[in-house]
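**Student:** Sending over a structure as structure tokens; questions will come in a sec.
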């Protein structure tokens, strides 16, 4: 049976949907962010969950295996006195460096994944370090970024290198090298700063190569100089971690260097979350 309101032919039509619209993901406004605050918060998180230092230690160990094998092979074959074996040693070393790039990126994505878990109030497990979600996109993005930098380096430094190869004492070649070094350094610095969120974007969103590059670039928009300060704080953290480890009878670097690395990873994840409009919760 119809009510009088439903029977009224002059009433305005009602909407079929009475529920409020859901918020569109990705449209959150960035939260206020300061680099020093990220490092202070990361330090508190590391104190709350020191097991995360083990994650960074395992990551460093796995990332360095390929380079160590290549270095040992190059040193051993190079000491043989045979030019063919020496050349083979350099080939093995070069291949180990190429293998190390994707492995190191994979581990960096894993550390970013663990850092995000901590900032969202959860204690991650060591197994999460080895997840593959987002790793392919990050590896592809890192390789593409490296190739573009190499190409720009060839364009900026190539003319000077060609002249110097023909005449090592040529002032023209030296001048061309110095002239090309400045624009190359600026491009490399800007690109590195703008893509600082590359690994954490891949870990959080599982995106492909170009989506990862684009999202990282967009998230760093408008905060370039704050990110430069962030880079300086990260460098200072690494230096202090190394000095602290050396002061602890040198073996302390086994703890201090991974701790410094994890501190930087957590701080980067904190900056990423605030830039995309998500407030970090952290481990209590």
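Numbering (the working numbering), first residue to last: -11 to 272. Heads up, the beta-carbon is just placed ideally off N, CA and C, and yes, glycines get one too.
1. Rounded to whole angstroms, what is the Cα-Cα separation between residue 174 and residue 214?
2. Let me check understanding here. Comparing Cα to Cα, which of 262, 128, 253, 246 lies closest to residue 44?
3. Closest Cβ-Cβ distance between residue 38 and chain C: below 8 Å?
4. Could you check which residue in 150, 96, 65 has the C-alpha nearest to that of residue 125?
5. Which of the three DSSP states is assigned to residue 12 in this structure?
6. Using 10 angstroms around the beta-carbon of residue 3, count the other beta-carbons present and answer buried if the total reaches 16, otherwise exposed.
7. Alpha carbons only, please: which of 29, 22, 206 is nearest the one belonging to residue 268?
8. Please classify residue 253 as buried or exposed, where buried requires at least 16 other C-beta atoms within 10 Å of its C-beta.
9. How long is the line joining the alpha carbons of residue 273 and residue 181, rounded to whole angstroms?
10. Using a 10 Å radius around the Cβ and a threshold of 16 neighbouring Cβ atoms, would you call residue 16 buried or exposed?
11. Can the beta-carbon of residue 85 be found closer than 8 Å to that of residue 55?
12. Quick test of your reading: residue 169 and residue 145, contact by CB under 8 Å. State the CB separation rounded to the nearest angstrom.
13. Between the Cα of residue 36 and those of 188, 159, 242, 107, spot the shortest distance and give me the residue it belongs to.
14. Alpha carbon to alpha carbon, how far is residue 81 from residue 132?
15. With a CB to CB cut of under 7 Å and the five nearest residues on each side skipped, what residues in its chain are close to residue 176?
16. Can you tell me whether residue 261 is buried or exposed, with buried defined as 16 or more other CB within 10 angstroms of its CB?
17. To the nearest angstrom, how far is the alpha carbon of residue 272 from that of residue 164?
18. Could you work out which residue in 139, 67, 63, 194 is closest to residue 119 when comparing CA atoms only?
19. Pull up the distance between the alpha-carbon of residue 338 and that of residue 87, whole angstroms please.
20. If residue 109 sits next to residue 270, beta carbons under 8 Å apart, how far is it from one beta carbon to the other, in whole angstroms?
21. For the segment 155 to 199, which segments carrying the alpha helix (DSSP H) assignment without a break, of at least 4 residues, lie completely within its bounds, in sequence order?
22. Short of 7 Å in beta carbon distance, which residues of its chain neighbour residue 216, apart from the five on each side in sequence? Order them along the chain.
23. Would you identify the three-state DSSP class for residue 25, choosing helix, strand or coil?
24. Could you give the DSSP three-state label for residue 114: helix, strand or coil?
25. Quick check on DSSP: helix, strand or coil for residue 281?
26. Can you tell me whether DSSP reads residue 224 as helix, strand or coil?
27. According to DSSP, is residue 241 helix, strand or coil?
**Tutor:** With the structure as the only source:
1. Along the chain shown, one-based indexing puts residue 174 at 186. Along the chain shown, one-based indexing puts residue 214 at 226. Distance between the alpha carbons of residue 174 and residue 214: 17 Å.
2. Mapped onto the chain shown, residue 44 falls at position 56. Nearest of 262, 128, 253, 246 to residue 44, Cα basis: 246.
3. You won't find chain C in this structure, because it holds only one protein chain.
4. Your numbering for residue 125 matches position 137 in the chain shown. Residue 96 is the option with its Cα nearest to residue 125.
5. If you number the chain shown from 1, residue 12 lands on position 24. Note on residue 12: pLDDT 36, under 50, position unreliable in the model; the coordinate value appears next. In the structure shown, the three-state DSSP call for residue 12 is coil.
6. By 1-based counting over the chain shown, the position of residue 3 is 15. Summary for residue 3: the model assigns pLDDT 40, below 50, so the residue's position carries little reliability; its value from the coordinates is reported in the next sentence. The residue in question, residue 3, is exposed, as its Cβ has fewer than 16 Cβ neighbours within 10 Å.
7. Position 280 of the chain shown, counted from the first residue, corresponds to residue 268. Selected option, being the one with the closest Cα: 29.
8. Mapped onto the chain shown, residue 253 falls at position 265. It is buried - the Cβ of residue 253 has at least 16 other Cβ atoms within 10 Å.
9. Nothing can be reported for residue 273: it is not among the residues displayed for the chain, which extend from -11 to 272.
10. Position 28 of the chain shown, counting from 1, holds the residue named residue 16. Residue 16 comes out exposed.
11. Here residue 85 refers to the residue found at position 97 of the chain shown. Here residue 55 refers to the residue found at position 67 of the chain shown. Their beta carbons are under 8 Å apart, which means residue 85 touches residue 55 by this criterion.
12. Walking along the chain shown from the start, residue 169 turns up at place 181. Walking along the chain shown from the start, residue 145 turns up at place 157. The pair is a contact, with the Cβ atoms about 7 Å apart (cut-off 8 Å).
13. By 1-based counting over the chain shown, the position of residue 36 is 48. Among 188, 159, 242, 107, the Cα nearest to that of residue 36 is on 107.
14. Looking up residue 81 in the chain shown gives position 93. Looking up residue 132 in the chain shown gives position 144. Cα to Cα, residue 81 sits roughly 22 Å from residue 132.
15. In the chain shown, the residue the question calls residue 176 occupies position 188. Taken in chain order, the residues that qualify are 137.
16. Start at 1 with the first residue of the chain shown, and residue 261 comes out as number 273. The residue is buried, with at least 16 neighbouring Cβ atoms inside 10 Å.
17. Locating residue 272 in the chain shown gives position 284, counting from the first residue. Locating residue 164 in the chain shown gives position 176, counting from the first residue. Roughly 56 Å between the two C-alpha positions.
18. Translated into the one-based positions of the chain shown, residue 119 becomes position 131. Out of 139, 67, 63, 194, 194 has the C-alpha closest to the C-alpha of residue 119.
19. Summary: the structure shown does not reach residue 338, with the chain confined to residues -11 through 272, and so no result is reported for it.
20. Position 121 of the chain shown holds residue 109. Position 282 of the chain shown holds residue 270. That pair is a contact at about 6 Å.
21. Runs of the alpha helix (DSSP H) lying entirely within the segment 155 to 199, each at least 4 residues long, are 159 to 182, 186 to 193 in chain order.
22. Taking the first residue of the chain shown as 1, we reach residue 216 at position 228. Same-chain partners within the cutoff: 181.
23. As a first step, residue 25 is located in the chain shown; it is residue number 37 there, counting from the start. Looking at residue 25 - three-state DSSP - the assignment turns out to be helix.
24. Here residue 114 corresponds to residue number 126 of the chain shown, with the count starting at 1. Helix at residue 114.
25. Absent from the model: residue 281. The displayed extent of the chain is -11 to 272, so no value can be given.
26. As a position in the chain shown, residue 224 is number 236, starting the count at 1. DSSP places residue 224 in helix when its eight states are reduced to three.
27. Here the question's residue 241 lines up with position 253 in the chain shown. Residue 241: helix per DSSP, three-state reduction.
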